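Input: a single structure, listed below in C-alpha coordinates.
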Amino acid sequence: MRTQPLENRDGRRTLLAVFDIGDEVSEGLLSIASEHEIEGAYFTGIGALSEATLGYWEWESKSYREISVREQLEVLSLTGNVALGPDGETKVHAHIVAGKRDGTAHGGHLLAARVRPTLEVIIVEVPEHLRRRLDAQTGLPLLHVSA
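Just so you know, the sequence shown maps onto residues 27 to 173 in the numbering used here.
Laid out in C-alpha coordinates, this is it:
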(Lines of atoms letter the chains of each structure in order from A and count residues from 1; the text may use other names and numbers.)
(Lines give C-alpha, C1' and ligand atoms only; values in the text may rest on other atoms or scores of the structure.)
Protein backbone atom coordinates (compact mmCIF):
# COMPACT_ATOMS: atom_id res chain seq x y z
CA MET A 1 0.00 0.00 0.00
CA ARG A 2 1.24 3.44 -0.91
CA THR A 3 -0.01 6.90 0.00
CA GLN A 4 0.54 10.22 -1.70
CA PRO A 5 -0.50 13.69 -0.50
CA LEU A 6 -2.73 15.39 -3.07
CA GLU A 7 -3.66 18.65 -1.38
CA ASN A 8 -3.34 20.52 1.91
CA ARG A 9 -5.58 23.57 2.12
CA ASP A 10 -7.59 25.29 4.87
CA GLY A 11 -6.85 22.55 7.42
CA ARG A 12 -7.99 19.85 5.00
CA ARG A 13 -5.45 17.30 3.85
CA THR A 14 -6.32 15.02 0.95
CA LEU A 15 -4.43 11.76 0.45
CA LEU A 16 -4.48 9.10 -2.24
CA ALA A 17 -4.02 5.55 -0.97
CA VAL A 18 -3.34 2.77 -3.47
CA PHE A 19 -3.64 -0.74 -2.05
CA ASP A 20 -1.81 -3.70 -3.59
CA ILE A 21 -2.71 -7.35 -4.13
CA GLY A 22 -3.21 -9.10 -0.80
CA ASP A 23 -3.52 -5.95 1.33
CA GLU A 24 -6.22 -6.10 4.00
CA VAL A 25 -8.50 -3.07 3.62
CA SER A 26 -9.64 -2.39 7.20
CA GLU A 27 -6.14 -2.78 8.62
CA GLY A 28 -4.73 -0.61 5.83
CA LEU A 29 -7.17 2.24 6.43
CA LEU A 30 -6.38 2.18 10.16
CA SER A 31 -2.65 2.11 9.40
CA ILE A 32 -2.96 5.15 7.14
CA ALA A 33 -4.89 7.06 9.82
CA SER A 34 -2.22 6.21 12.39
CA GLU A 35 0.76 6.96 10.14
CA HIS A 36 -0.65 10.34 9.05
CA GLU A 37 -2.07 11.18 12.52
CA ILE A 38 -5.60 11.51 11.17
CA GLU A 39 -8.28 11.85 13.86
CA GLY A 40 -11.15 12.90 11.62
CA ALA A 41 -11.68 12.16 7.93
CA TYR A 42 -14.01 10.75 5.33
CA PHE A 43 -13.05 8.53 2.41
CA THR A 44 -14.30 6.91 -0.75
CA GLY A 45 -12.80 4.23 -2.94
CA ILE A 46 -13.11 1.86 -5.88
CA GLY A 47 -11.17 -1.20 -6.99
CA ALA A 48 -11.41 -4.95 -6.67
CA LEU A 49 -11.15 -7.68 -4.04
CA SER A 50 -10.41 -11.39 -3.91
CA GLU A 51 -12.80 -11.82 -0.96
CA ALA A 52 -14.74 -9.85 1.63
CA THR A 53 -16.57 -10.24 4.90
CA LEU A 54 -19.46 -7.83 5.30
CA GLY A 55 -21.57 -7.17 8.34
CA TYR A 56 -25.30 -6.63 8.65
CA TRP A 57 -26.36 -5.00 11.95
CA GLU A 58 -28.93 -7.16 13.73
CA TRP A 59 -30.97 -4.81 15.91
CA GLU A 60 -32.36 -7.55 18.15
CA SER A 61 -29.01 -9.11 19.05
CA LYS A 62 -27.06 -5.83 18.83
CA SER A 63 -24.37 -7.56 16.80
CA TYR A 64 -23.19 -7.95 13.22
CA ARG A 65 -24.27 -10.95 11.18
CA GLU A 66 -21.28 -11.86 9.01
CA ILE A 67 -21.73 -12.24 5.27
CA SER A 68 -18.72 -13.92 3.63
CA VAL A 69 -18.19 -13.54 -0.09
CA ARG A 70 -15.30 -15.71 -1.31
CA GLU A 71 -14.87 -14.76 -4.95
CA GLN A 72 -13.48 -11.97 -7.11
CA LEU A 73 -15.44 -8.75 -6.52
CA GLU A 74 -15.60 -5.26 -7.99
CA VAL A 75 -15.70 -2.51 -5.36
CA LEU A 76 -18.63 -0.45 -6.61
CA SER A 77 -18.54 1.84 -3.60
CA LEU A 78 -16.39 2.09 -0.50
CA THR A 79 -17.23 4.93 1.84
CA GLY A 80 -16.68 5.74 5.47
CA ASN A 81 -15.04 7.85 8.11
CA VAL A 82 -12.21 7.99 10.60
CA ALA A 83 -12.95 9.22 14.13
CA LEU A 84 -11.69 8.96 17.69
CA GLY A 85 -13.53 6.30 19.66
CA PRO A 86 -14.76 6.60 23.25
CA ASP A 87 -11.44 5.10 24.35
CA GLY A 88 -9.44 7.79 22.50
CA GLU A 89 -8.29 5.29 19.86
CA THR A 90 -8.71 5.99 16.15
CA LYS A 91 -11.57 4.00 14.61
CA VAL A 92 -12.48 3.37 10.98
CA HIS A 93 -16.14 2.90 10.05
CA ALA A 94 -16.60 1.71 6.47
CA HIS A 95 -19.43 0.46 4.32
CA ILE A 96 -19.01 -1.27 0.98
CA VAL A 97 -21.01 -2.40 -2.03
CA ALA A 98 -19.23 -5.13 -3.98
CA GLY A 99 -20.37 -6.53 -7.33
CA LYS A 100 -20.12 -10.14 -8.39
CA ARG A 101 -19.46 -11.62 -11.85
CA ASP A 102 -23.18 -12.10 -12.52
CA GLY A 103 -23.96 -8.42 -11.82
CA THR A 104 -25.47 -8.95 -8.40
CA ALA A 105 -24.10 -6.99 -5.48
CA HIS A 106 -23.59 -7.42 -1.76
CA GLY A 107 -23.31 -4.55 0.64
CA GLY A 108 -22.89 -3.79 4.29
CA HIS A 109 -20.46 -2.82 7.00
CA LEU A 110 -16.89 -3.69 5.97
CA LEU A 111 -15.45 -6.19 8.44
CA ALA A 112 -12.55 -7.50 6.33
CA ALA A 113 -11.45 -7.68 2.70
CA ARG A 114 -8.41 -8.62 0.60
CA VAL A 115 -7.42 -6.50 -2.37
CA ARG A 116 -6.93 -7.98 -5.86
CA PRO A 117 -5.56 -6.32 -7.95
CA THR A 118 -5.91 -2.78 -6.54
CA LEU A 119 -8.00 -0.46 -4.42
CA GLU A 120 -7.85 3.32 -4.86
CA VAL A 121 -9.01 5.39 -1.90
CA ILE A 122 -9.24 9.17 -1.55
CA ILE A 123 -9.05 10.27 2.11
CA VAL A 124 -10.04 13.81 3.11
CA GLU A 125 -9.06 14.93 6.59
CA VAL A 126 -11.48 17.34 8.23
CA PRO A 127 -10.23 20.22 10.41
CA GLU A 128 -12.58 19.35 13.28
CA HIS A 129 -11.75 15.99 14.82
CA LEU A 130 -14.63 13.55 14.76
CA ARG A 131 -15.47 11.85 18.03
CA ARG A 132 -17.54 8.80 18.89
CA ARG A 133 -19.47 8.23 22.10
CA LEU A 134 -20.99 5.02 23.34
CA ASP A 135 -24.74 5.07 22.69
CA ALA A 136 -26.69 3.45 25.54
CA GLN A 137 -29.59 2.32 23.34
CA THR A 138 -27.55 0.52 20.68
CA GLY A 139 -24.30 -0.22 22.50
CA LEU A 140 -22.47 1.24 19.50
CA PRO A 141 -19.86 4.02 19.49
CA LEU A 142 -21.75 6.58 17.36
CA LEU A 143 -20.47 9.90 16.02
CA HIS A 144 -21.15 12.68 18.49
CA VAL A 145 -22.74 15.89 17.29
CA SER A 146 -22.34 18.80 19.69
CA ALA A 147 -25.38 21.05 20.02
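Where is the CB? At the ideal position from N, CA and C, for every residue including glycine. Keep in mind that this is a model prediction, so the values were computed, not measured.
For residue i, the three-state DSSP class (helix, strand or coil)
{"i": "E177", "result": "Because the chain is modelled from 27 through 173, residue 177 falls outside the range shown and cannot be assessed."}
{"i": "A78", "result": "strand"}
{"i": "E97", "result": "coil"}
{"i": "I72", "result": "strand"}
{"i": "S172", "result": "coil"}
{"i": "E92", "result": "strand"}
{"i": "E33", "result": "strand"}
{"i": "S103", "result": "strand"}
Candidates the options, of which the one nearest residue i by Cα
{"i": "R96", "options": "K88, E84, R142, V118", "result": "R142"}
{"i": "V51", "options": "H155, V118, E86", "result": "V118"}
{"i": "R45", "options": "R140, E151, L156, V152", "result": "It is worth fixing the name first, because residue 45 is Phe in this sequence and not Arg. It is R140 whose Cα lies nearest to the Cα of F45."}
{"i": "L41", "options": "G134, E53, D49, E61", "result": "E61"}
{"i": "V150", "options": "S76, L136, R38, A131", "result": "R38"}
Residue i: first and last residue of the uninterrupted beta strand (DSSP E) it sits in
{"i": "G125", "result": "116-125"}
{"i": "T207", "result": "Nothing can be reported for residue 207, as the shown portion of the chain is limited to 27 through 173."}
Whole-angstrom distance between residue j and residue i, CA atom to CA atom
{"i": "N34", "j": "H121", "result": "26 Å"}
{"i": "T70", "j": "I148", "result": "6 Å"}
{"i": "S57", "j": "H170", "result": "23 Å"}
{"i": "L104", "j": "K88", "result": "23 Å"}
{"i": "G106", "j": "A74", "result": "17 Å"}
{"i": "E146", "j": "P112", "result": "29 Å"}
{"i": "Y3", "j": "G114", "result": "Absent from the structure is residue 3, since the part of the chain shown begins at 27 and ends at 173."}
Which full runs of the beta strand (DSSP E) of 3+ residues lie inside the region 141-165, going along the chain?
158-160
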